[in-house]
Ligand SMILES: Nc1ncnc2c1ncn2[C@@H]1O[C@H](COP(=O)(O)OP(=O)(O)OP(=O)(O)O)[C@@H](O)[C@H]1O
Ligand SMILES: [Mg+2]
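Protein chains in written order, with our numbering: chain U, 1 to 295; chain E, 1001 to 1226.
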C-alpha cells in the first residue's frame, strides 16, 4: 500500500466516522455492551473453574498403615507410592501427629484424649495427592491393594459426586459462553451491515468508477478496527473497574469467595477481549461488505 | 471497433428475458442513441457494457477483449476506460461539486497534483465555473447532471455511457445537456445514450438503435443525418 493511499484511507475512515456520528455511536455501544456481557460471563466462568480446581486439588487420599510394620517397611511403602506415575506428593503423618491433630479439634484443651482412651488408637498414615484429581478413586483403589496398607480413605461417594457436578458446571458455562459469543457476533455484524447499507450507493458508485475492491474495503476496515477497539476498550474499562470493586468489597465483607485477582491472569482476559472486539469489527466488516462489492 | 455484441441474450434469474439475440457493433467516435419502449431492454444492454450484468449467452468485446470471460479483478480496469452518467445523477450529497469530481480521480488512484487542474478543467468544460464549492443540494437538476457528466469524463474515458441522462430534466435543460454530450463526442469520446425522448433524438444527426421486447427492431440514422 502506498503512503498516499494509506493517508487517504485514514482520512476517509475518520471523515465517515464523524459524518455518520449517530451510527458510529450505536456501533460502539453495541460492541461495548456485547463484549461487556461476554467479558463478565468469561470472568465468572474462569472464577468458577478456578474454584472447582481448588476443590478438586484439595482432594487427598489417606492411606492408613498396618500397626505391625517396621520402620524400613514404612519407608519402602512410601517410596513405592512416590514412584507411581499418578502420584503428586506423599506426606507421612505419624500416629502421634495424627492424635495431636485430633486433639486440636477439641475445643477443650484439658480434655486429654490419650488418657481417656488409654492409649493412642490411631495408626500411622500417608496423605497422598494425585497428579490429576480425576484419578483419585482409581489411585485409591490401587493403593488399597498394596501390602501393608490397612485402609484407604478419600471421601468415597462424595468425590464422584463432586466430579459429576464440576463436569456439568463446566459444560454448561462453556455452552453459555459460546451462545453469548454467537449473540455478540450476530449483533455486531448486524450493526456493521446497517452502517454499510447506509453507504451502499457510495460503494456502488465507486465500483462503477473502477475502484478495486481493496480500495473500497480499506476505509471500512479502518472504521471497523476503530469502532471495534473503541467498543472493547470501553467494555474492558467498565469490566476492570467493576471487577476490582467487587474484589475489594468482598475482601472487607465476611464472605470468602476465592476470586482470581492476579493482574497477569486478568490482563490476559482483557487482552483477549480487546483482540476479540477488534477482530469482530474487521470480520464483520469483511463479511458485510462483500455483498455490496459484488457489482 | 470499440464494442462488439455477438448474439447476446440475457435472462434474469427471475426468468425475465430482457435481451434476445442482440448483435451490434460500435465504432470509435460514434454517438449512438438507444431507443425503445419501457422494458425493451435498454438499461440491460447498457449495464452489460460496463459489466454490471453478464450475458446469459453470446459474447461481448470491448476494445477487442472479451468482457464475458474477464476475471473479476480485471473489471476495475475495464470501467476506468468508461464514464457513466446516471438518470438520478448519483452525486455524493456531502461532497462539494469539486470534491464529487475529484472523487472519481482519487478512486482510480490519480496523482494528487494532477487532480486539481484536471477538475478545474472539466468544471470549465461543463459550464459550472463558480459552483465548485456548492453542494449538490444547492444546484438545479440540470446543474447536478453537469456535475455527473464532469465526473464521468474526468478520467478521459474512451466510452461515455448515459442511461436517460435527461430523464429527470425539462426539455430546455435536456437540450443543454445534449449539447454538452455532443461536444464531448466531438472531442473524440464515443457516446452511448439510452433515452425515451424522441424530441431530443429527432433533431440530432446520429445513429439510432431501437430495441423492442429485447430485440433490435431498427438500426438507422435520423433523417436529418442523411
Ligand atoms: N435486475 C433485474 N432482475 C429481473 N428483471 C429485470 C432486472 N432488470 C430489468 N429486468 C427486466 O428486464 C426487462 C428489461 O428491463 P430494462 O430495464 O432493460 O428496460 P428498459 O428498456 O431500460 O426500460 P425503461 O425504459 O423503463 O428504463 C424488463 O422486463 C425488466 O422488468
Ligand atoms: Mg431503463
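Note that the Cβ used here is the ideal one computed from N, Cα and C, for glycine as well.
Small disclaimer: the values here were computed from a predicted structure and weren't measured.
| Check | Outcome |
| --- | --- |
| Test: residue 209/U CB closer than 9 Å to a CB of chain E | yes |
| Residue-chain proximity (residue 223/U, chain E), Cβ-Cβ < 9 Å | no |
| Beta-carbon neighbours of residue 217/U, restricted to chain E and to distances below 8 Å | None at all; the shortest Cβ gap to chain E is about 13 Å. |
| Residue interval of the beta strand (DSSP E) (run including residue 1190/E) | 1190–1194 |
| Contact set for residue 1006/E: own chain, Cβ-Cβ below 6 Å, skip 5 residues either direction | 1023, 1058 and 1059 |
| Per-residue DSSP class, three states only, for residue 155/U | coil |
| Three-way DSSP call (helix, strand, coil) for residue 270/U in this model | helix |
| Endpoints, alpha helix (DSSP H) assigned at residue 1185/E | 1171–1186 |
| Contact with chain U by residue 1226/E, beta-carbon distance below 9 Å | Annotation note: pLDDT 45 at residue 1226/E (below 50); position unreliable, coordinate value reported separately. Not an interface residue. |
| Neighbouring residues (CB closer than 7 Å to any heavy atom of ligand 2) | 1042/E, 1043/E, 1163/E, 1164/E and 1194/E |
| Cβ-based burial, residue 1071/E [other Cβ within 10 Å; buried from 16] | exposed |
| Cβ-based neighbour list, residue 1085/E, same chain, cut-off 6 Å, excluding 5 preceding and 5 following | 1148, 1149, 1152, 1162 and 1165 |
| Proximal residues of chain U, C-beta to C-beta of residue 1074/E below 7 Å | In chain order: nothing, as chain U lies at least about 10 Å away. |
| Closer than 9 Å at the beta carbon, the chain C residues around residue 1079/E | The structure shown has no chain C; the protein chains it does contain are U and E. |
| Residue nearest to residue 35/U in terms of C-alpha spacing, selected from 291/U, 136/U, 13/U and 280/U | 280/U |
| The region 1028–1057 of chain E: positions lying closer than 7 Å to chain U by Cβ | 1050 and 1052 |
| Cβ-based neighbour list, residue 62/U, same chain, cut-off 8 Å, excluding 5 preceding and 5 following | 125, 126, 127, 128, 152, 153 and 154 |
| For residue 1091/E, the three-state DSSP class (helix, strand or coil) | coil |
| Chain-ordered residues of the region 1093–1107 of chain E with a beta carbon less than 7 Å from chain U | 1094, 1104, 1106 and 1107 |
| Distance between beta carbons of residue 1141/E and residue 1096/E, contact taken as under 8 Å | That pair is no contact at about 18 Å. |
| Burial state of residue 1145/E (16 or more Cβ within 10 Å) | buried |
| Status (buried if at least 16 other CB within 10 Å, exposed otherwise) for residue 288/U | buried |
| Same chain only: Cβ atoms within 7 Å of residue 1028/E, ignoring 5 sequence neighbours per side | 1002 and 1190 |
| Distance cut-off 8 Å: residue 1038/E Cβ against heavy atoms of ligand 1 | yes |
| Proximity below 9 Å, CB of residue 1045/E to CB of residue 1181/E | no |
| Chain-ordered neighbours of residue 1203/E on chain U, where CB pairs are closer than 9 Å | Simply none; closest approach about 30 Å. |
| Cβ of residue 1151/E within 9 Å of any chain U Cβ | yes |
| Near ligand 1: residue 1013/E beta-carbon under 8 Å from a heavy atom | yes |
| Per-residue burial, residue 1102/E [other beta carbons within 10 Å of its own, 16 or more giving buried] | buried |
| Pairwise C-alpha distance: residue 284/U and residue 8/U | 22 Å |
| C-beta neighbour in chain E for residue 292/U, strict 9 Å | no |
| Beta-carbon proximity list for residue 1020/E, same chain, < 6 Å, skipping 5 on both sides | 1009, 1214 and 1215 |
| 7 Å Cβ shell around residue 81/U - same chain, five flanking residues per side excluded | 87, 90, 126, 128 and 143 |
| Contacts of residue 10/U in chain E (Cβ-Cβ under 8 Å) | The premise fails here: residue 10/U is roughly 14 Å from chain E at the closest Cβ pair, so nothing lies under 8 Å. |
| Boundaries (first-last residue) of the beta strand (DSSP E) holding residue 1024/E | 1017–1026 |
| Same chain, Cβ closer than 7 Å to residue 221/U, five either side skipped, listed in chain order | 282 and 285 |
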